[in-house]
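Enquirer: Once you've had a glance at the structure underneath, I'll fire off some questions.
Protein chains: 4
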Amino acid sequence: MTDTLDPASLDPASLLGRYDEVRAYTERLAAPLSPEDQTVQSMPDVSPTKWHRAHVTWFFETFLLAGNEPDFAPFQDQYWFLFNSYYEAIGPRHARPMRGVISRPGAHDVGVYRGNVDDRMRDLLSSLDENALAKLAPTINLGFHHEQQHQELLLMDIKHVLSLNPLQPVYAGRAATPGHAGPMGWVEYDGGLVEIGHAPSSDGDFSFDNELPRHQQWLGPYRLADRLVTNGEWLEFMEDGGYRRPELWLSDGWGRVNAEGWAAPFYWTEREGVWFEHTLTGTRPVDPSLPVCHVSHYEADAYATWAGKRLPTEAEWEHAARLEEDTTTPGYAPNLADTETWHPRAAGAPNGRLRQLFGDCWEWTSSSSSYLPYPGFHPGVGAIGEYNGKFMSSQMVLRGGCALTPPGHARASYRNFFPPGARWPVTGVRLADDGWNRCCE
Amino acid sequence: MTDTLDPASLDPASLLGRYDEVRAYTERLAAPLSPEDQTVQSMPDVSPTKWHRAHVTWFFETFLLAGNEPDFAPFQDQYWFLFNSYYEAIGPRHARPMRGVISRPGAHDVGVYRGNVDDRMRDLLSSLDENALAKLAPTINLGFHHEQQHQELLLMDIKHVLSLNPLQPVYAGRAATPGHAGPMGWVEYDGGLVEIGHAPSSDGDFSFDNELPRHQQWLGPYRLADRLVTNGEWLEFMEDGGYRRPELWLSDGWGRVNAEGWAAPFYWTEREGVWFEHTLTGTRPVDPSLPVCHVSHYEADAYATWAGKRLPTEAEWEHAARLEEDTTTPGYAPNLADTETWHPRAAGAPNGRLRQLFGDCWEWTSSSSSYLPYPGFHPGVGAIGEYNGKFMSSQMVLRGGCALTPPGHARASYRNFFPPGARWPVTGVRLADDGWNRCCE
Amino acid sequence: MTDTLDPASLDPASLLGRYDEVRAYTERLAAPLSPEDQTVQSMPDVSPTKWHRAHVTWFFETFLLAGNEPDFAPFQDQYWFLFNSYYEAIGPRHARPMRGVISRPGAHDVGVYRGNVDDRMRDLLSSLDENALAKLAPTINLGFHHEQQHQELLLMDIKHVLSLNPLQPVYAGRAATPGHAGPMGWVEYDGGLVEIGHAPSSDGDFSFDNELPRHQQWLGPYRLADRLVTNGEWLEFMEDGGYRRPELWLSDGWGRVNAEGWAAPFYWTEREGVWFEHTLTGTRPVDPSLPVCHVSHYEADAYATWAGKRLPTEAEWEHAARLEEDTTTPGYAPNLADTETWHPRAAGAPNGRLRQLFGDCWEWTSSSSSYLPYPGFHPGVGAIGEYNGKFMSSQMVLRGGCALTPPGHARASYRNFFPPGARWPVTGVRLADDGWNRCCE
Amino acid sequence: MTDTLDPASLDPASLLGRYDEVRAYTERLAAPLSPEDQTVQSMPDVSPTKWHRAHVTWFFETFLLAGNEPDFAPFQDQYWFLFNSYYEAIGPRHARPMRGVISRPGAHDVGVYRGNVDDRMRDLLSSLDENALAKLAPTINLGFHHEQQHQELLLMDIKHVLSLNPLQPVYAGRAATPGHAGPMGWVEYDGGLVEIGHAPSSDGDFSFDNELPRHQQWLGPYRLADRLVTNGEWLEFMEDGGYRRPELWLSDGWGRVNAEGWAAPFYWTEREGVWFEHTLTGTRPVDPSLPVCHVSHYEADAYATWAGKRLPTEAEWEHAARLEEDTTTPGYAPNLADTETWHPRAAGAPNGRLRQLFGDCWEWTSSSSSYLPYPGFHPGVGAIGEYNGKFMSSQMVLRGGCALTPPGHARASYRNFFPPGARWPVTGVRLADDGWNRCCE
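Residue numbers (UniProt numbering), protein chains in the order written: chain A, 1 to 441; chain B, 1 to 441; chain C, 1 to 441; chain D, 1 to 441.
This is the structure in structure tokens:
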């Protein structure tokens, strides 16, 4: 699986190869899950595995086959309705919290649907001339990245489903060998007038609409922690009353702490004085060297306040990430889904650089997607135009990627977002601070 | 499947035969359902099919094997917790609305659990002497009737699950051939001092605790409709503004009408001016000759008010049902689950008797289970003692049985109950009236 | 204030006297309350004092002036809408939970409204001839009793309003001098075929619709406690884990215990190991000799289960109360509102009779108003016909009266009702038991 | 009432004058309201008038008297608790949604409390030497601005209270004489590196913490509408299906539209085809020349999308407002509370400048307070440190002021904020657009 798709040089063969690769990866991720596992929706934010498998298929059927296949007819009229998600322009959608009551089509039926669309997509791609292909390439590419987003969500969602089962089922794999994190260091940046937004030269030729347009922002001097906050550090926060001190919390966050009884990260449970963590590879004692994950934006912000620091802004994060990218780091391999660790890893030894930047945990920023869209942003035309713009409200932006992110789906300009109270995604904390020492010299 | 189990004459062979019969019937009812179908909990009141299959198994394991099997160990410790329902005395239960998030054990695993308990139950029953058997017989018998209750619920529940699927899946069978209902007639009763409660001579030797003790009640003269209210009559009620006239409704009922937008029975939907009804055999146009079903107590009461009548009391219903039983009716075959119609049937021609008394639809009475328990009722000791007593609050009593009731599970003294707003059970309406004409002669 | 209004002998003068008496009593009860006090609605079940004062006025304006006053015009069109309560037939009502947002008309304006209607009512009553008066007498009488119901509610409601104020304001009066309760004794009854329902000879000539018709019921032998359960006995229940033992509770009740954290009667709070009780005369330490009050039906039922007893049925209570009435008890003075104690009193010394029967606390029965209406009940015609019938769902019947009940408003046939979870009314517990000792002689 | 308090040159006399001025203005605003009006809390976001009057008094008592008055004792211990708002560090607060159940202290009692604190504050201010005064001046000044915020809220809140009363009460005044708005024009800005944040030279010496520190931001070229969107333009949006077209809405906003049935601005109602608007001066037909107000951020954003424009960012708004301030406009008088119009006015004739910039309606920006705090922001120490920082989550920033804003309380750097769904504040819409035409010349 590669990150370098250049639509300018598209030939049917490589496009087909990429199609098969992306589609097969979804099925590979679903393979350990029984028909029953694939049916459950454990809360409104979670979708059943078989729904993910069908919905990404519906995307290709709707946005590619429907307009380009001669004599197009949908595989099944009702699927049109069932597997639409948020694209209101297409028609009334099946209410999201009810996805878990739809037992049919079953997991096997969804496989049949996938196979049918795959055959037709292959036929279509093979039949197009270069011109036609160039015209469709952006939508095909969008389909790949859309499916990759759902690959990540499929894993985050099934992690939640399995977490509620007293039998503590395992998705796959086993606990990683212990590592170490080393002390937290800082990398300093001068700021100034910087460029933010998707840059094809370093980010690859694909971006979502909300990464555009590239534009200028002014940054004061700042510094970033060189690794993520660890479980060990989080335990200190807890022991210091972190979840019981209102002065550390945003008002809405404090409301959630009390209403929902937050006292530790989402998947932590205490048994006889020992903290355990639910992971996709099983339930195990909390390892202090691993990055803390499954904390909400509210928790991340409270931690930063407790630590006398703050969260980075989007622009600070992206500017720093670009500088990292400019330098070749031999042996650097981010912890994305292809490591099959299914969980963040320890940061390892300091190296004067930003560690864990891509992969491990999505990193909360202090930037709200409400602030976005970027200056000059205009949504696309029609249903696909709704892709990101309409969610730009009351969500916080995260950067980087996580251990469940498919390879080829992480880049410096990527803007993921979740509501500030979301805890089921794989989210962690990188601290930031003003670089005032430098500015006062 | 028979109704006549006499614990006094229990021999291991007939008990084993009965055990196999009851247990096999559950599996037969679940057979048309896929693993995905068996996983879904479509609302808090509904339980997944595979939960029903496991819970009735847990009953035998807990209340029979645990105390009597040498070297007893549960099949799986966690099942102990997962498949308990309301028996608080046994231990903390898995929250009811979360049954649908438990993907594992899967449908097949539940089958393995059932097989294991069946083998052990057979061993146990074969190994007991007559004395020991006589001591356990009431609990074994309770296990049979408990499983039959869940057989009925399994069908009511899956009907709700399938109803929410836009694909309109069918459970089994096909629509019945049309029938006719004939005009509604009345059967009159003198009342007086009557005996109410379980009577072994006519009800069989088994009863639930809430059918006891048999006691006296005083009834004024009354009369009962000789058949259930039909869909055709219900349409008249609707056309006369039945769902829009507050004066017809109990205050709580009118609140529900408005809050939930009730405008027709639960499973009815209108398309282009035609009413359709979701059934286990598919969605089909409403047949005016069939009994109306899936109406709440509130709707039943409003209908009766509209018709200038009232609902029967429990005692009125039971007294009348006993008189019916005293007369042999050749060819009378109630429409219970063994007809495999899976839906109420038309009443057919009047015969001067109460038609549709057992089977077709459970019949709402004006009696609240809060009024119960019967004078002198004392709950049993221990967990089984919680069987019915603790639900005796804010529920209304229904009598008779329905098209999803297993044969051998209907009797004159049977007291089913549901909350007055429940609409997913198979419930219908038999009208009653005071017999004032007679009393004034 | 007297109880003996005989419509057959109505003359305008006595009717006017009675009118002035009832109306003045409402104002007397409201007198200690500031405009701010009279405005607050502390929960949906509670109505503001000034709403009560206006609503009972609206009743006379609507049901008497509107049809009988020449050239009738409402005092204020909007009051028509604002001060209707549940009489849906009159028109859309102002949503009940929003009564507390209506600051205008203010307390003084409501006084003006009352004065206006009083003047017009006096004119009307003075102008009618005997015939016309006889025709209106039942509605006038209903107006008196309706206002008395609201007098009691006004007190119960303001008790709740003041309870939420950290300043712990006092309505009036001061704590009663301590009393004693004596041990609980029992009074036995044979049962048999008894008559239940309103009996003019002993209950006075007025009754609400739900006390009719008088009819026969069969009672087995039973016995009743000769006084109410005391705070001291309730503390024993609490100390024995009464609020923590699910086996004592109805399922719905146990749900409320957990959802709402019930651990003591409604108005009790613990400070440094001492229990205090909010009353209309102030907050004071719980007196073990006083009757427990402000317990829900669920709590009453759990207590009875814990005590190895049960609650009385309505018929048992009424039958016993009639027998009490037949005997003249010199010096017996029930603790109703005219004692101005504003709280239940201690039972005092045993006397072989049922003490605290009328007054002190309304007594929960095991009878649901769903069971009602009485055999042969038919609601009246028009809006007044909705008086009681439509509330006959999911409510439990209480008998007797309480310390906030206006004198002349308690009688053996009176059927008060509240939902089983209601705790803000003044409700207590009288135990009952089967009379098996007698039946086995 | 003036805007120019310079703490450096504070003398006791001018400080006392200012104190009396601010305090008297609160009482003047409350004067038309009855004790009942002052008691009501019509929804959780709204506070009763008498609570506002007491809470601002509590502020002076807590943050000034408590630390500086010799032998300080609170006026009333319980007021300490009752009239705290969000300052969690001070102690447990009385739950916000319960403010409306506190009938005592009444409106008059609150006046007594105010008088007591005023006397003590005057004594304190008179007794301090210059040094001590200079030290307290910032907190005293904060107390003035805090009280002004509550003056505005008091009016917004009572507007909501009165809106729910079917009698349609009037707060004060009468409808303004009709005006005209003229066509919408645009003012263009070059952007570039600009300074944002409180500037004492033009904003006055006071600012809230969230207006600091002043810092640099980079702006692309942009333009702003020269007046607010009018009711007439909003009616076009409605007629074009604005509330029924999901593609115009943020996803959360569309959810609210459907869940709460939004179809027009908050205080609009339709009667027989004519739209009416509830105002503090009465209910009157919607005037198309007036600015639309009481629209949420979601509605403002949807309108901008419909119009092919967008909302301004905070920095764009502030940069433009500063340029306006630099130019003296003879005769410019913003429509703040001192006009006693109590409602936005028409924009009048175009003049090449930004009209309605301060006053009339608070203007939604596209900036979330989550994006804030400003770079380098650090909350103050102790309870006052919580002033703004902790609300910086899921809120949108508004700029300018409104017709209910006290004079002296509007400035270019002021950052008001409300949740994106809030509709009861006086909020309107100024459109913005990218200045791409200029940049491409």
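In this text, a Cβ means the ideal position worked out from N, Cα and C, and glycines have one as well.
Can you tell me whether DSSP reads arginine 353 of chain D as helix, strand or coil?
Expert: Arginine 353 of chain D falls in the coil class under three-state DSSP.
Enquirer: Let's test the definition: count the other Cβ atoms within 10 Å of the Cβ of alanine 15 of chain A and tell me whether it reaches 16, buried, or not, exposed.
Expert: One point to set straight first is that residue 15 of chain A is leucine, not alanine, in the sequence displayed. With 16 or more other Cβ atoms within 10 Å, it is buried.
Enquirer: For the ligand ATP, I want to know if leucine 336 of chain D counts as a neighbour, meaning its beta carbon is within less than 6 Å of at least one of the ligand's heavy atoms.
Expert: Among the components modelled here there is no ligand, and therefore nothing to report on the ligand ATP.
Enquirer: Is the beta carbon of alanine 412 of chain D closer than 7 Å to that of tryptophan 364 of chain D?
Expert: Their beta carbons are not under 7 Å apart, which means tryptophan 364 of chain D does not touch alanine 412 of chain D by this criterion.
Enquirer: What is the residue span of the alpha helix (DSSP H) that serine 296 of chain C lies within?
Expert: Unbroken run through serine 296 of chain C: none, as it is neither H nor E.
Enquirer: Could you confirm whether any beta carbon from chain D is found closer than 7 Å to the beta carbon of proline 32 of chain C?
Expert: Taking Cβ atoms only, chain D never reaches closer than 7 Å to proline 32 of chain C, which makes this a no.
Enquirer: How far does the beta strand (DSSP E) with glycine 192 of chain B in it reach, from first residue to last?
Expert: That run of the beta strand (DSSP E) goes 192 to 196.
Enquirer: If you run the structure through DSSP and keep just helix, strand and coil, what is aspartate 118 of chain C?
Expert: Correct three-state label for aspartate 118 of chain C: helix.
Enquirer: From the beta carbon of glutamine 78 of chain B, is the nearest beta carbon of chain A less than 7 Å away?
Expert: Output row for glutamine 78 of chain B: interface = yes.
Enquirer: Quick one: is histidine 180 of chain D buried, meaning 16 or more other Cβ sit within 10 Å of its Cβ, or exposed?
Expert: By the neighbour-count rule (16 or more Cβ atoms within 10 Å), histidine 180 of chain D is not buried but exposed.
Enquirer: If I'm right that tyrosine 222 of chain C touches glycine 191 of chain C with Cβ under 8 Å, what's the distance once you round it to whole angstroms?
Expert: Between glycine 191 of chain C and tyrosine 222 of chain C the Cβ distance is about 6 Å, and since that is below 8 Å, they are a contact.
Enquirer: Looking at the unbroken alpha helix (DSSP H) that takes in histidine 145 of chain B, where does it start and where does it end?
Expert: Element bounds for histidine 145 of chain B: 130 to 163.
Enquirer: Inspect the beta-carbon positions of threonine 281 of chain B and arginine 423 of chain B and report whether they are closer than 7 Å.
Expert: Result no, Cβ atoms of threonine 281 of chain B and arginine 423 of chain B do not sit closer than 7 Å.
Enquirer: Between arginine 104 of chain A and chain B, is any beta-carbon pair separated by less than 7 Å?
Expert: At least one chain B Cβ lies under 7 Å of arginine 104 of chain A.
Enquirer: Around the Cβ of valine 274 of chain A, are there at least 16 other Cβ atoms within 10 angstroms (buried) or fewer (exposed)?
Expert: The residue in question, valine 274 of chain A, is exposed, as its Cβ has fewer than 16 Cβ neighbours within 10 Å.
Enquirer: Can you find the residues in the same chain that come closer than 6 Å, C-beta to C-beta, to histidine 409 of chain B, ignoring five residues on each side of it along the sequence?
Expert: Result list for histidine 409 of chain B: Gln148, in chain order.
Enquirer: Would you mind telling me which residues of chain B sit closer than 7 Å to serine 289 of chain A, beta carbon to beta carbon, in chain order?
Expert: What serine 289 of chain A touches in chain B: nothing, since even the nearest Cβ is about 31 Å away.
Enquirer: Measuring straight from C-alpha to C-alpha, what distance separates threonine 327 of chain B and alanine 333 of chain B?
Expert: Here threonine 327 of chain B scores only 48 on pLDDT, less than 50, and its place in the model should not be relied on; the value that follows carries that caveat. Taking the straight line from one Cα to the other gives about 14 Å.
Enquirer: Is asparagine 335 of chain C buried or exposed, if buried means 16 or more other CB atoms sit within 10 Å of its CB?
Expert: Buried, because 16 or more other Cβ atoms sit within 10 Å of the Cβ of asparagine 335 of chain C.
Enquirer: Tell me the residue span of the alpha helix (DSSP H) that contains aspartate 252 of chain A.
Expert: First-last of the alpha helix (DSSP H) with aspartate 252 of chain A: 251 to 260.
Enquirer: So with Cβ pairs under 7 Å, would you call aspartate 37 of chain D a contact of chain C?
Expert: By this cut-off, aspartate 37 of chain D is an interface position.
Enquirer: Between which two residues does the alpha helix (DSSP H) harbouring aspartate 174 of chain A extend?
Expert: For clarity, residue 174 of chain A is arginine in the given sequence; the question names aspartate instead. Element bounds for arginine 174 of chain A: n/a, residue is neither H nor E.
Enquirer: Quick check: is the beta carbon of leucine 167 of chain B nearer than 7 Å to any beta carbon in chain A?
Expert: Yes, leucine 167 of chain B lies at the interface with chain A (some Cβ there is under 7 Å from its Cβ).
Enquirer: Spatial neighbours of glycine 421 of chain C within its chain, please: CB distance less than 7 Å, with the 5 preceding and 5 following residues excluded, ordered by chain position.
Expert: Closer than 7 Å at the Cβ level, and outside the excluded window around glycine 421 of chain C, lie Arg256, Ser296 and Tyr298.
Enquirer: What number of angstroms, rounded off, separates the C-alpha of tyrosine 189 of chain C from the C-alpha of glutamate 239 of chain C?
Expert: Taking the straight line from one Cα to the other gives about 33 Å.
Enquirer: At a Cβ cut of 8 Å, what residues of the segment 406 to 434 of chain B count as close to chain C, listed as they run along the chain?
Expert: Cβ contacts with chain C come from Pro420 and Asp434.
Enquirer: Report the rounded CA-to-CA distance for arginine 430 of chain B versus tyrosine 267 of chain B, giving the unit in angstroms.
Expert: Each residue's alpha carbon lies about 20 Å from the other.
Enquirer: Is the separation between the beta-carbon of valine 56 of chain C and that of glycine 100 of chain C shorter than 7 Å?
Expert: No, the Cβ-Cβ distance between valine 56 of chain C and glycine 100 of chain C is not below 7 Å.
Enquirer: Considering only residues of the same chain and omitting the five flanking positions on each side of proline 169 of chain D, which have a CB-CB separation below 7 Å?
Expert: Excluding positions up to five away in sequence, the list reads Leu162.
Enquirer: Within the chosen definition, does the segment 63 to 77 of chain B reach the segment 118 to 127 of chain B through at least 3 CB pairs nearer than 8 Å?
Expert: Contact between the segment 63 to 77 of chain B and the segment 118 to 127 of chain B is present, because at least three Cβ pairs lie under 8 Å.
Enquirer: Is there a C-beta anywhere in chain A that falls below 7 Å from the one on aspartate 252 of chain D?
Expert: Closer than 7 Å: yes.
Enquirer: For leucine 136 of chain B, which residues of its own chain have a beta-carbon under 8 Å away from its beta-carbon, when the five flanking residues on both sides are left out?
Expert: So the qualifying residues of the chain are Leu64, Asn68 and Leu128.
Enquirer: Would you say leucine 164 of chain A lies against chain B (beta-carbon separation less than 7 Å)?
Expert: So, interface residue.
Enquirer: Would you give the residue range spanned by the beta strand (DSSP E) that alanine 432 of chain C belongs to?
Expert: Element bounds for alanine 432 of chain C: 432 to 434.
Enquirer: Against chain B, with Cβ distances strictly below 7 Å, would serine 394 of chain C count as a contact?
Expert: So yes, serine 394 of chain C belongs to the interface.
Enquirer: With respect to the beta strand (DSSP E) encompassing serine 368 of chain C, which residues constitute its N-terminal and C-terminal limits?
Expert: Run containing serine 368 of chain C: 362 to 368, per the beta strand (DSSP E) assignment.
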